[in-house]
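In this note's numbering, each residue's number is its place in the sequence shown (first place is 1) plus 90. Here the structure is laid out as structure tokens; the discussion comes afterwards.
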Amino acid sequence: MVRAIVGANWGDEGKGKITDMLGEKSDIVIRFQGGSNAGHTIINDYGRFALHLLPSGVFYNHTTNIIGNGVALNIPYLVKEINDLVEKGVPAPHILVSDRAQVLMPYHIDFDAYEEERLGGKSFGSTKSGIAPFYSDKYAKIGFQVSELFGGEELKEKAYRVCEMKNVLLEHLYHKPLLDPEKVYQTLLEYRDMVKPYVCDVSLYLNQALKENKTILLEGQLGSLKDPDHGIYPMVTSSSTLAAYGAIGAGIPPYEIKDIVTVVKAYSSAVGGGDFVSEIFGDEADELRRRGGDKGEFGATTGRPRRVGWFDAVASRYGCRVQGATEVALTVLDVLGYLDEIPMCVGYEIDGKVTKDFPTTTELNKAKPVWKVMPGWKCDIRGIKEYDKLPKECRDYIEAIEAELGVPITMVSNGPSRHEIIKR
Ligand code: GDP
91 MVRAIVGANW
101 GDEGKGKITD
111 MLGEKSDIVI
121 RFQGGSNAGH
131 TIINDYGRFA
141 LHLLPSGVFY
151 NHTTNIIGNG
161 VALNIPYLVK
171 EINDLVEKGV
181 PAPHILVSDR
191 AQVLMPYHID
201 FDAYEEERLG
211 GKSFGSTKSG
221 IAPFYSDKYA
231 KIGFQVSELF
241 GGEELKEKAY
251 RVCEMKNVLL
261 EHLYHKPLLD
271 PEKVYQTLLE
281 YRDMVKPYVC
291 DVSLYLNQAL
301 KENKTILLEG
311 QLGSLKDPDH
321 GIYPMVTSSS
331 TLAAYGAIGA
341 GIPPYEIKDI
351 VTVVKAYSSA
361 VGGGDFVSEI
371 FGDEADELRR
381 RGGDKGEFGA
391 TTGRPRRVGW
401 FDAVASRYGC
411 RVQGATEVAL
421 TVLDVLGYLD
431 EIPMCVGYEI
441 DGKVTKDFPT
451 TTELNKAKPV
461 WKVMPGWKCD
471 IRGIKEYDKL
481 PKECRDYIEA
491 IEAELGVPIT
501 MVSNGPSRHE
511 IIKR
């Protein structure tokens, strides 16, 4: 059985926590896209962890954790993340890396920073992890697949050929130091030795696992609104954040994905630039930012303050639709316990007309929020284990969200830790 855990919003919905929780009953957890550019925060018996590249199943002895072919594989980062876990007392996790994954190179990180510098005020707010240059190279067919590290002389030739192209840009566009092709080749050889213990024909491995009826989790990174096709282009990431891509980025048949757990946040948060209709500012925003998540709304990778806003039903319903959500996990609901009244954006006004359908970016920047205000519950709901024990105002808020989404909310997360969850 394959189940995907994906985000309906801008990312940081709390997918890591849900994956860690569902990982308990899973055999395999797979990252299928993205790289080390976003973090999953996980709080469990070993402590508090921010995982960037590793799947969130690494805390269980019985799970195999896989970096799928769709991931931007930063090899030194992977090794560092594994070592960090072991140093903090987590038993060495079982990791496999797809032989079809591509390697994120140090120059991808440099190009990311150079491009942001060149764009100045018009930058995308990149985390400068090299993700956009990495995927550009992958699709331009000048990336390095893990399997190529184990090839022969061709690797050296390719390293020289790639550097020739990169150096034109470095010299004439960015005015930065040039790449030394011999050094790039040596880096590839070092990476080969580092990744060797983990390399596997992942698609074949999963094919076998499916025959044996193993439970498989696909762990998404970021959310629907960051998808390059269906998100707020160009303020998006460079690989698909949708459950459908899980089939490609892991190497399994699409019909095997039976359940799409879409994580929806009880309010909104976003990092980087771009339109954000339900965004709030000033003291109101500062308070929500300070109380948000488990340590305030600050990026897990960059530490940047996240932009915050009220729940956006238009964006979230769309986010669920493009994921193909079969069920919703509503997270960080406990954070809202301080409010007398809770606004919710239930429509967008564009050119004088109200719509509930999420538009393209061109229209989105004209959208003004249409608010509905719900009463707050004014208490701490952490520690509550049963849905019926939640205050009535809180249940009304959840049910109003469910009606807007049109997808059953099967889980309500009322605290950052593994067991702080209410199942319905
Ligand atoms: P991910 O990228 O979707 O895995 O999300 P992150 O881990 O970046 O962000 C979610 C943040 O919210 C983290 O700091 C989590 O510890 C925290 N979190 C997750 N679920 C809950 C919840 O139900 N309540 C609270 N207060 N914090 C939560």
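In this text, a Cβ means the ideal position worked out from N, Cα and C, and glycines have one as well. Note that the structure is predicted; figures quoted are calculated from it, not measured.
Neighbour-count burial assignment, Leu-294, 16 or more Cβ in a 10 Å radius: exposed
Which residues DSSP lists as bridging Cys-435, in chain order: Asp-402 and Trp-461
CB of Asp-317 within 8 Å of CB of Leu-307, strictly: no
Between the CA atoms of Met-195 and Ala-222 - distance to the nearest angstrom: 12 Å
Presumed contact (8 Å Cβ cut-off) between Gly-124 and Gln-311, rounded CB distance: 4 Å
Buried or exposed (CB count within 10 angstroms, at least 16 for buried), Glu-387: buried
Selection from Arg-514, Trp-467 and Val-193 that minimises the alpha carbon distance to Glu-476: Arg-514
Where Arg-121 falls, given that 16 or more other Cβ within 10 Å makes a residue buried: Classification for Arg-121: buried.
Status (buried if at least 16 other CB within 10 Å, exposed otherwise) for Asn-504: buried
Nearest-angstrom Cα separation, counted from Phe-366 out to Ala-360: Answer to the nearest angstrom: the Cα atoms are 8 Å apart.
Near the ligand GDP: Gly-383 beta-carbon under 7 Å from a heavy atom: Flag set: Cβ of Gly-383 near the ligand GDP.
Thr-421 CB to nearest heavy atom of the ligand GDP below 7 Å: At least one heavy atom of the ligand GDP is found less than 7 Å from the C-beta of Thr-421.
Buried or exposed by the 16-neighbour rule on C-beta atoms within 10 Å, applied to Thr-450: exposed
Under the three-state DSSP convention, the category Leu-259 falls into: helix
The ligand GDP heavy atom lying under 7 Å from the CB of Asp-339: Before going further, note that residue 339 is Gly rather than Asp in the sequence given. Gly-339 Cβ: outside cutoff for every heavy atom of the ligand GDP.
Cβ pair Glu-309, Ser-146 closer than 8 Å: yes
Whole-Å CB distance - Gly-389 paired with Ser-368, under 8 Å assumed: Not really, about 19 Å apart at Cβ, beyond 8 Å.
Anticipated Cβ contact below 8 Å, Phe-149 with Asn-134, distance rounded: 6 Å
Cβ pair count under 8 Å reaching 3, the region 459–476 against the region 422–430: yes
Pairwise C-alpha distance: Pro-267 and Lys-260: For the sequence presented, residue 260 should be read as Leu rather than Lys. Each residue's alpha carbon lies about 7 Å from the other.
Range of the contiguous beta strand (DSSP E) that encloses Phe-139: Here the beta strand (DSSP E) through Phe-139 covers 137–141.
Residues near Lys-304 in its chain [Cβ-Cβ closer than 7 Å; skip 5 each side]: Annotation for Lys-304: Asp-117 and Ile-118 place their beta carbon closer than 7 Å to its own, counting only its chain and skipping 5 residues before and after.
Per-residue DSSP class, three states only, for Arg-407: helix
Proximity test, Ser-219 beta-carbon vs the ligand GDP heavy atom, cut-off 7 Å: False, no ligand heavy atom lies under 7 Å from that Cβ.
Cβ shell of Ala-182 (< 6 Å), same chain only, five flanking positions each side left out: Residues Val-176 of the same chain have their beta carbon placed closer than 6 Å to that of Ala-182, with the five preceding and five following residues left out of the count.
contact_flag[the region 344–357, the region 157–174] where n(CB pairs < 8 Å) is 3 or more: no
Spatial distance of Val-418 from Gly-241 (CA atoms): 44 Å
Exposure label - Leu-239; buried when at least 16 CB within 10 Å: buried
Separation of Met-325 from Ser-314, as counted between CA atoms: 12 Å
CA-to-CA distance, Ser-329 to Glu-346, given in whole angstroms: Roughly 21 Å separates the two Cα atoms.
Neighbourhood of Asn-151 by C-beta distance below 7 Å, restricted to the same chain and skipping five residues each side: Counting only Cβ-Cβ distances below 7 Å, and skipping sequence neighbours, we find Pro-181.
N- and C-terminal bounds of the beta strand (DSSP E) containing Val-176: That residue, Val-176, is in no beta strand (DSSP E); its alpha helix (DSSP H) goes 165–177.
N- and C-terminal bounds of the alpha helix (DSSP H) containing Val-285: 271–285
Sequence-distant residues of the same chain with beta carbon closer than 7 Å to Asn-164, five excluded per side: Gly-125, Ser-126, Leu-143 and Leu-194
Meets three-Cβ-pair contact criterion under 8 Å: the region 486–502 and the region 402–419: yes
Check whether Ser-188 and Val-292 have beta carbons under 8 Å apart: yes
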